[in-house]
Amino acid sequence: MSRCLLTLRVNGKTYTRAVWAGITLLEFLRDEISLTGTKKGCDQGECGLCTVLVNQEPALSCILLAQEAQDCEITTIEGVAELLNSSGENLENDSQEPSLHPVQSSMVEEGAIQCGFCTPAMVLNGVAFYNRVGDGQEKLCKDGIKACISGTICRCTGYKKIEKAIHSACSKDTLDSTGAGVPRNAVSKKSGLIGRPTPYLCAVDKVTGKAEYTDDIRLKNPLFVKILRSPYASARILSLESKEAMSLPGVRAVISGSDFNVTFGVLPISRDEPAIAKGRVRYVGEPVAAVAAETEEAARKALELIEVKYKVLQPCLDIEKALLPTKDPIHPELKKGNNLHKSVEQQFGDPEIGFAQAHVTVEQQFEFPSINHAFTEPHATQVEIDGQGSLTVYSSTQVPHYLHKSLSLVLEIPVDKIRVIKPHLGGGFGGKSDPFTHEMIAAKLALCTRRNTRIVLSREEVFQTHHGRHATRLNMKLGADPQKGLLALTGRMLIDGGAYASFGVVTTYYNGVLLEGPYQLQNFGFQCQRVYTNKPMCGAMRGHGGVNPRFASEVLLDMACEKMRVDPCEYRLQHFLKPNSLTPNQFRITSTGIRHGLQEAMKRTHWSEKYAQLPFGRGIGVACGFFISGSALPIHWNEMPQSSVRLTLDFDGVVTIYSGAADIGQGSDTILAQVVGEVLGLPLSMIRVISADTRLCPIDYGSYSSRVTFMAGNAARNAAIRMRRQLLQSACEILHLEIPETRESDPKEKNFFAQGGQLPLYNQPYLGANPDYRDGFNFSDQSIIAPDGRTLSFQEVLVKSMDFHGALQSRGAYISPELGGDFKGAGAGLSPSYSFTAMITEVEVDPESGFIRVSKVTCAHDCGTPLNPLAVEGQLEGSIHMGLGQALCEAMDYDKSGRALNESFLGYKILSALEMPEIDIVPSISYDNEGPFGAKEVGEGALAPVLPSLANALYDAVGVRMFSLPITPDKVLQGIAKTTASGEGLT
Amino acid sequence: MTPSLQYHRPKTKEELFELLEKSQPEERVVILAGGTDLMPALKRLPLTDEPTRLISLKNVAELRSISTDGGEITIGSGITLSKLEKDPLVKELLPCLSSTSSLVASPQIRTLATIGGNLLVDNRCVNFNQNLHCKPHEQFCFKAQGDSCILLSNTHTDRFPLCRARFVSDLAPVLTLLNARLCIQSPQGEREISLRTFYSEDGVEKNPLFQGEILVSIKVPIPRTSQVAYRKLRIRNTIDFPSLGVALSILDDTDKKLFMVEAAITGIDVLPRTFHVFLSEYPSEESMLENLCSQARKGTTALRQDFFSPAYRKKMIGVFICSLYYKLRTGFGEAQSNQTKGKGNVDHE
């Protein structure tokens, strides 16, 4: 072992460290000098997250040896603001506001930050561009900005707000006639917090590299955990020898399957996954042993010394074959004789009668590969153990509560011995909503060794862990009538679950039930089967279960419209679900703004002048969808509220919100603060959020199924109203007024906001900063105004309230009203409210190469009343980016042995800024009575219609129907050749 | 990487060669330029195969210059791609080389990656560029020191005794058509090889460089009567290697009454392949092009190693050749008038 002295200049400071010759600049920055703002996304030079400036030029620090950076000026995110200082420019730093580079402050103002994991890299790309523009080396133009960030992938934002932020930063000095440089907040006239474009509370931390993600935490003297993974998709473990590994210096523990007694899984009805494989392995990459060692190097060496003997079995990889009888099923404990995991069948009305009456009937088979969430932050977990053996688990998880319970189950220790904390999280999209093997393993090793442990998965391991969208083969049939609408829809879906259950039972239902909107549909039936195969398991991913069937149904509807010779937009407009209605499977539709949304989108795109009238090669297409605003039923069945929020208010005048909800970059902490601030008339600076810590925060079911703003938002509003009530009593005492009669709200009260005879106010957005809380008082700008106009300061009322009581506290909760029918599976897809989306996509197709250029996506998503328009737009732009990726190029590629061939960001193609179209977002204008301040879901629903609207636009452009994803240039070209040969379909 | 790794950063070629001469045969010595291709590869190696000695070319100033004697340009192998893209001399005299540089990988990679590294970039295959830590040894292919080709396991290995990993340099086809020569030096001496004969039919032993030999510079004759253009196939306009790259040159020498079209194909076969046609041998431009396309399609082997299917990539060879040809031809009038100034090149994309 030889260390050498290495001196580097970083952010204007000189650092000398004794290091191994082989460390990368990224390792030097993160591990040697604790500048953890620079992120590790792939460690292979493929994702661009580790970008730093080397002599002012952006470069990848994960593939640059630290030694090679000697004699260079290195700038990391931590030094960006200083960079500007040293160059002599003045920073606006007259207040306590932290000094930020113009690119940083624009990123904050424009809402260009979601999970924030790519933010440091994006800022540095932007700063380099800013400097080039300043020096006159480059012109400020959209293409230049796209190019400057094209080497860094972002999974949240669709790049739109990042581009806008860099543009506005660069044009701040020069007067920009387009107005693109005007910060968002400057044009907002709204008072109050709801409906105001609000940068995230954590935005400044994220844009300066201060935000700590799980792997950035530095526990004392931790052991490094590494996992030995199965090279085979299906095999018996004959023996496992770890003596040699154990005797390696620095190795503290080696564990295997026999160290665990209990299997786990996110759904209590299907806990089939072992923390470490016992007896047999079921997919390539399944853990077979794990090591904890003093150094990463020792852990890695130890893995190479563990000897495992396997008896290789024939893997089951095909979804049809998985249904055939077999003597050796993947899960023999199910005693099924084949690899079927779950089969669901539901029928409403009589589809056969519907088809018999239909004017046209279309039927088609569709095929979808599995896709991955590809969040930028790899899974990471750190475990801290105290003297009593209690664990604090820091983990990159969407659902601290489920992880908490699963750890207790698997480790066989009581829940009070475990605390789960979610630090900042770099993207989830459903991919961090299960409890994971590496979390169990790291915690187990901490218990075994009584030492702190840490693990971060490599990008390859992330792809092996997978839990992505199910590969699907489905057959769907649609019967329609030009006047009477959709008469019948049936589907038979076969979905590839991979090796274990994960969320699979829910996915199986969602594949069917999420077809029941957004159109009126009387006769509907589906059968969905989920099978086990020897591939990494699939689970929940943005648009859970609804995306692939939605593609099929919207393409079929387009085909039916063509056959009926009706305009697909006009036809849809006539047959949407109505507000205050029930679907056949008894989903309660409260509000829907989809009619208005589609009409507006048609207007903005000049639909009626374009559809079926564009020249060959150019096309326009439409598709719609709907989605749940949180599942009405909890996974872990109980009668507790689905969200609870606690507030405290102490002498400093700051309200602290305690919520178990996990902000995973969607901005839920900010939403909760906005809600509470709105009710109490406080600015965001007087609100603090403590969330996703199972010791401090009340239970929340976490961030999945688009539930947090809706459910935790309602709980927060509820808690805030109760605190308002306490303050109001004191205000009345000071003013000698009678306390107004208002009813205490009950978390089980169903339509809380519709009480008092108020009917749904469809199409009436929440407008004011001072809503009627039925108490006649006005709380705003840190003051409390009585009905008679007398005004008290918030502080003086607070002091009065605290007299004899001390700090104020309140709690609020939300539980979904009882909904749904009483047939089997009636609970699937139930939600207190549903979002709706209408989407129009325009494409240009090169008939020579088959390449599709998506030129514009117009999205009308009915999320009720947007609470934070910046976040709403961000969610929609991100959904469109992810939807386009699945439509055009994303697919997991498994070979015949069950090994993935593209476990990397080079192999798995996430669209860059350069492929992203123009996006036009139609503002949502509905109001939902059940949602907080009228809000509904926005995180997932807009994804599903992206894919079929693109496919329908492709048909409009070149007359080619696409029934499988991804829609590659290859398939387009084959399609064009076919249609040209048969002389059909050309418009 | 292994803690026992030794790192050296010589300042001159002499120091470099001294280091190379001193290295023991059992040492695993690796020469490091930009590192953008090498570093990810090194990270994937099993511990036992990791290099013991890294020699960085970063400080060897002689490798970092661009010069011209009027007849040809000499480009140091250590010139980064972002420099190549922006260098005024290259931009003026070899515009296609400059524009092709901007199509390689991503901006952050071009900051580090070098022209020499691009020419020596390792061949790629889905069966090799993956997680070897978690792969059973019986599935190791030629390139991973195994004894079979996974891709062609169903066919006769006698027919394909060599690795078919595909060649992915964007610059090589352009420089090939520009008749570039490589200057190679070692402690034993110096030699020059035409880029046209540099690459081999083996995806493992891709080129004739011996251990200890250094690619020092690339010499490119300034084109007088020809133009070159390049088009790249990839699903994303950044980061990705070429799934196919076609460079096309038109040589139109009115004095010699010579009109030749030549294509060089990358990203698809194990090495860049060139094909050419003379207009004088065909009744029309169209039939000449048709012949060139069919030569190029027949003369290259495409395997399932990439996002795009082999059939599609081969089909695109013809599409790209034609689009490049007409692109160059339409820009020809203007280009000819500039010929004396040496501004003959038109680029694509």
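Which chain is which? The protein sequence lines are A and G, in order.
Okay, so the first sequence: first residue is 1 according to the working numbering, each after it adds one.
Okay, so the second sequence: first residue is 1 according to the working numbering, each after it adds one.
We put the CB at the ideal spot given by N, CA and C, even for glycine.
Minimum Cβ-Cβ distance from residue i to chain A less than 9 Å
i: Pro-242(G); result: no
i: Ser-82(G); result: yes
i: Ser-65(G); result: no
i: Arg-236(G); result: yes
i: Thr-9(G); result: Checking the sequence, you will find Arg at residue 9(G) rather than Thr. Arg-9(G) counts as touching chain A.
i: Gly-331(G); result: no
i: Gly-78(G); result: no
i: Ala-144(G); result: no
i: Leu-19(G); result: no
Residue i at chain G interface by Cβ criterion, 9 Å
i: Glu-43(A); result: The sequence given here has Asp at residue 43(A), not Glu. It does: the Cβ of Asp-43(A) has a partner Cβ on chain G nearer than 9 Å.
i: Trp-637(A); result: no
i: Arg-1032(A); result: Residue coverage of chain A in this structure runs from 1 to 987, which leaves residue 1032(A) outside it and unanswerable.
i: Asn-125(A); result: yes
i: Glu-333(A); result: no
i: Ala-992(A); result: Nothing can be reported for residue 992(A): it is not among the residues displayed for chain A, which extend from 1 to 987.
i: Ser-247(A); result: no
i: Glu-68(A); result: yes
Chain-order list of residues whose beta-carbon lies under 6 Å from that of residue i (same chain, five-residue window excluded)
i: Val-420(A); result: Val-393, Pro-400, Leu-403, His-404, Thr-694
i: Ala-828(A); result: Tyr-509, Val-513
i: Glu-241(A); result: Glu-307
i: Ser-101(G); result: Leu-81, Leu-84, Glu-85
i: Asp-558(A); result: Pro-568, Asn-952
i: Lys-321(A); result: none
i: Thr-111(G); result: Ser-82
Exposed unless 16 or more other CB atoms sit within 10 angstroms - verdict on residue i
i: Asp-170(G); result: buried
i: Glu-609(A); result: exposed
i: Gln-24(G); result: exposed
i: Ala-121(A); result: buried
i: Glu-273(A); result: buried
i: Glu-109(A); result: buried
i: His-805(A); result: exposed
i: Trp-637(A); result: exposed
i: Thr-968(A); result: buried
i: Pro-242(G); result: buried
Contacts around residue i, its chain only, beta-carbon distance under 8 Å, and the 5 residues preceding and following it disregarded
i: Ile-319(A); result: Ala-471, Arg-473, Leu-494, Ile-495, Asp-496, Val-531, Thr-533
i: Thr-152(A); result: Cys-47, Gly-48, Leu-49, Thr-51, Cys-118, Ala-121, Met-122, Asn-125
Near the ligand ATP: residue i beta-carbon under 8 Å from a heavy atom
i: Ser-659(A); result: What this structure holds is no ligand at all, so the ligand ATP is not there to describe.
Contacting residues, own chain, Cβ-Cβ under 7 Å from residue i (five flanking each side not counted)
i: Phe-128(G); result: Cys-141, Lys-143, Ala-144, Ala-165
i: Val-462(A); result: Pro-378, His-379
i: His-575(A); result: Gly-485, Leu-486, Tyr-519, Gln-520
Partner residues on chain B for residue i, Cβ-Cβ distance less than 8 Å
i: Leu-64(A); result: Of the protein chains in the structure, A and G, none is chain B.
Residues within the stretch 89-111 of chain G neighbouring chain A, beta-carbon criterion of under 9 Å: Ser-102, Ala-105, Ser-106, Pro-107, Gln-108, Ile-109, Arg-110, Thr-111
Completely contained alpha helix (DSSP H) runs for the stretch 904-972 of chain A, where each covers 4 or more residues: Fully enclosed alpha helix (DSSP H) runs of 4 or longer: 946-958.
Near-chain G residues of the stretch 900-932 of chain A - C-beta to any C-beta below 9 Å: Ala-900, Leu-901, Asn-902, Glu-903, Ser-904, Phe-905, Leu-906, Gly-907, Lys-909, Ile-910, Leu-911, Ser-912, Ala-913, Leu-914, Glu-915
Segments assigned alpha helix (DSSP H), at least 4 residues, entirely inside the stretch 564-609 of chain A: Qualifying alpha helix (DSSP H) stretches, in chain order: 568-575, 594-605.
Short-range partners of chain G found in the stretch 210-231 of chain A, where Cβ spacing is below 9 Å: Those residues of the stretch 210-231 of chain A placed with their C-beta closer than 9 Å to a C-beta in chain G are Leu-228, Arg-229, Ser-230, Pro-231, ordered along the chain.
Residue ranges of each alpha helix (DSSP H) within the stretch 677-720 of chain A, 4 or longer: none
Members of the stretch 10-38 of chain A near chain G, C-beta cut-off 7 Å: Residues of the stretch 10-38 of chain A with a C-beta less than 7 Å from any C-beta of chain G: Trp-20, Ala-21, Gly-22, listed in chain order.
Residues of the stretch 198-211 of chain G whose Cβ lies closer than 9 Å to any Cβ of chain A, in chain order: none
Where the stretch 969-985 of chain A meets chain G: residues whose CB sits under 8 Å from a CB there: Look at the stretch 969-985 of chain A: the residues with a C-beta under 8 Å from a C-beta of chain G are Pro-969, Asp-970, Leu-973.
Secondary structure, beta strand (DSSP E): runs of 3+ residues fully inside the stretch 619-662 of chain A: 643-649, 655-659
Chain G contacts from the stretch 277-289 of chain A (Cβ-Cβ distance under 8 Å): Val-284, Gly-285
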